[in-house]
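Participant: First residue of the sequence shown: 495, per my numbering; consecutive thereafter. Note that CB positions come from ideal geometry on N, CA and C, so glycine has one too. Sharing a structure with you now.
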Amino acid sequence: MKKFRTVYHTINTHRIIPGKTVRFAVLADLHGLEFGPGNERLIQKIQECSPDAVLVSGDVIVRNCTDTFDTAAKLLTRLAESYPVFYALGNHEYKLYTADPGENGLAEEYLKYEERLKKAGVRILHNQCELLEAEGCPFTVYGLEIPLIYYKKPKSPMLQTEEIQQLIGKPDQDRVNLLLAHNPKYGNAYFEWGADLIFSGHYHGGIVRFGRNKGILSPQFQLFPPYCCGAFHRKNQHMYVSAGLGEHTIPVRIHNPRELLIVDYRGREEK
Numbered sequence: 495m496k497k498f499r500t501v502y503h504t505i506n507t508h509r510i511i512p513g514k515t516v517r518f519a520v521l522a523d524l525h526g527l528e529f530g531p532g533n534e535r536l537i538q539k540i541q542e543c544s545p546d547a548v549l550v551s552g553d554v555i556v557r558n559c560t561d562t563f564d565t566a567a568k569l570l571t572r573l574a575e576s577y578p579v580f581y582a583l584g585n586h587e588y589k590l591y592t593a594d595p596g597e598n599g600l601a602e603e604y605l606k607y608e609e610r611l612k613k614a615g616v617r618i619l620h621n622q623c624e625l626l627e628a629e630g631c632p633f634t635v636y637g638l639e640i641p642l643i644y645y646k647k648p649k650s651p652m653l654q655t656e657e658i659q660q661l662i663g664k665p666d667q668d669r670v671n672l673l674l675a676h677n678p679k680y681g682n683a684y685f686e687w688g689a690d691l692i693f694s695g696h697y698h699g700g701i702v703r704f705g706r707n708k709g710i711l712s713p714q715f716q717l718f719p720p721y722c723c724g725a726f727h728r729k730n731q732h733m734y735v736s737a738g739l740g741e742h743t744i745p746v747r748i749h750n751p752r753e754l755l756i757v758d759y760r761g762r763e764e765k
């Protein structure tokens, strides 16, 4: 029986949200796995945590396996019945989303999967943003999709902040800017863009994990990649890289349990 752990993080923010905490449940890199029939164990744990929103930072499916489309759709549809669900694509989804459905039957099935999720109320963000009001705090949730060249193996170019601005615009200075960005390789660019909260995945905890923030290998075969897993902070900016709930290219996890992230954004009291 596959297991996962629940990892909790708390941000004591400078924002005034008197006596309030906004809670996010973060899913990454499920790759079609199930934790109990219908993902019941995963759903039950999320329900126990009572999040204000569910954030999906990509690769919930496996691009060449349509069975995982159905598994993911059932999970996210169930969650959308109780919570706002925001979904940014990973490279598995993005390869199908950008493929020609007339030439790729899997791409056609993927578009049906997206339509199914949209009908259920899941907010899929194609370089778009949506507003979220939770406990009186205004958030803008951005979903970043970067061109596939940035996933190239073994090397990919560096992503510049200017390109992020071209894709999703500038952050809103009057709101908390929450960025769902699948590939953590470009953490520096995400910070420089101006995100307050960043949620990534993709690295699967580095396959073999050393402590909270270090792993041995990225999916692009980069050794000891920066921003591999765990929490990273720059003053009032915070980045969380999930070790993910599943695996794909290298189906190995050593000292690297699957994880569900729970992040509490805690406001300060007004003086």
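Compute the Euclidean distance between the alpha carbons of LEU600 and SER544, then round it to the nearest angstrom.
Facilitator: What you label residue 600 is simply residue 106 of the sequence shown in a count that begins at 1. What you label residue 544 is simply residue 50 of the sequence shown in a count that begins at 1. Between LEU600 and SER544, the C-alpha separation is close to 35 Å.
Participant: The beta strand (DSSP E) that contains HIS727, what's its start and end?
Facilitator: Position 233 of the sequence shown, counted from the start, is the residue given in the question as residue 727. It spans 724 to 728 - the beta strand (DSSP E) in which HIS727 sits, taken as one unbroken run.
Participant: I want to check one thing, is the minimum distance from the CB of PRO641 to the heavy atoms of the ligand SAH below 7 Å?
Facilitator: As far as ligands go, the structure on display features none, and thus does not contain the ligand SAH.
Participant: How many Å lie between TYR684 and ASP758 at the Cα?
Facilitator: Numbered from 1 along the sequence shown, position 190 holds the residue referred to as residue 684. Numbered from 1 along the sequence shown, position 264 holds the residue referred to as residue 758. Distance between the alpha carbons of TYR684 and ASP758 is about 20 Å.
Participant: I need the straight-line Cα distance from LYS514 to ARG760, nearest angstrom please.
Facilitator: Position 20 of the sequence shown, counted from the start, is the residue given in the question as residue 514. Position 266 of the sequence shown, counted from the start, is the residue given in the question as residue 760. In a straight line, the C-alpha of LYS514 is about 6 Å away from that of ARG760.
Participant: Alpha helix (DSSP H) containing THR655: first to last residue?
Facilitator: For the purposes of this step, residue 655 is taken as residue 161 along the sequence shown, with counting starting at 1. Where THR655 is concerned, the enclosing alpha helix (DSSP H) stretches over 655 to 662.
Participant: Ignore the nearest five residues each way along the sequence and tell me which others in ASN585's own chain have a CB closer than 6 Å to its CB.
Facilitator: Sequence index remark: in the sequence shown, residue 585 carries index 91 (1-based). Excluding residues within five positions, the ones whose Cβ falls inside 6 Å are TYR645.
Participant: Which one or two residues does DSSP pair with LEU711 in a beta bridge?
Facilitator: Translated into the one-based positions of the sequence shown, residue 711 becomes position 217. BP columns for LEU711 point to LEU717.
Participant: Is it true that the CB of ASP523 sits closer than 8 Å to the CB of GLY738?
Facilitator: Along the sequence shown, one-based indexing puts residue 738 at 244. Along the sequence shown, one-based indexing puts residue 523 at 29. Against a cut-off of 8 Å, the Cβ pair of ASP523 and GLY738 comes out as a contact.
Participant: So within the stretch 595 to 660, which uninterrupted alpha helix (DSSP H) runs reach at least 4 residues, ignoring any that extend past its ends?
Facilitator: Whole alpha helix (DSSP H) segments, 4+ residues: 599 to 613.
Participant: Please identify the residue among LEU661, SER736 and GLY705 whose C-alpha is closest to the C-alpha of HIS698.
Facilitator: For the purposes of this step, residue 698 is taken as residue 204 along the sequence shown, with counting starting at 1. Comparing Cα positions, the closest option is SER736.
Participant: Evaluate HIS727 with the Cβ neighbour count: other Cβ atoms within 10 Å of its Cβ, from every protein chain shown; 16 or more gives buried, anything less gives exposed.
Facilitator: Walking along the sequence shown from the start, residue 727 turns up at place 233. So HIS727 counts as exposed.
Participant: Given a cut-off of 8 Å on the beta-carbon distance, is the pair ASN750 and GLY709 in contact?
Facilitator: The residue you call residue 750 lines up with position 256 of the sequence shown. The residue you call residue 709 lines up with position 215 of the sequence shown. Yes. Within cutoff.
Participant: Which two residues bound the contiguous beta strand (DSSP E) that contains THR515?
Facilitator: Here the question's residue 515 lines up with position 21 in the sequence shown. Where THR515 is concerned, the enclosing beta strand (DSSP E) stretches over 515 to 521.
Participant: Helix or strand or just coil, what does DSSP make of ASN671?
Facilitator: For this step, residue 671 is matched to residue 177 along the sequence shown. It is a strand residue.
Participant: Is the separation between the beta-carbon of ASP690 and that of GLU629 shorter than 8 Å?
Facilitator: Taking the first residue of the sequence shown as 1, we reach residue 690 at position 196. Taking the first residue of the sequence shown as 1, we reach residue 629 at position 135. Not a contact, by the Cβ cut-off of 8 Å.
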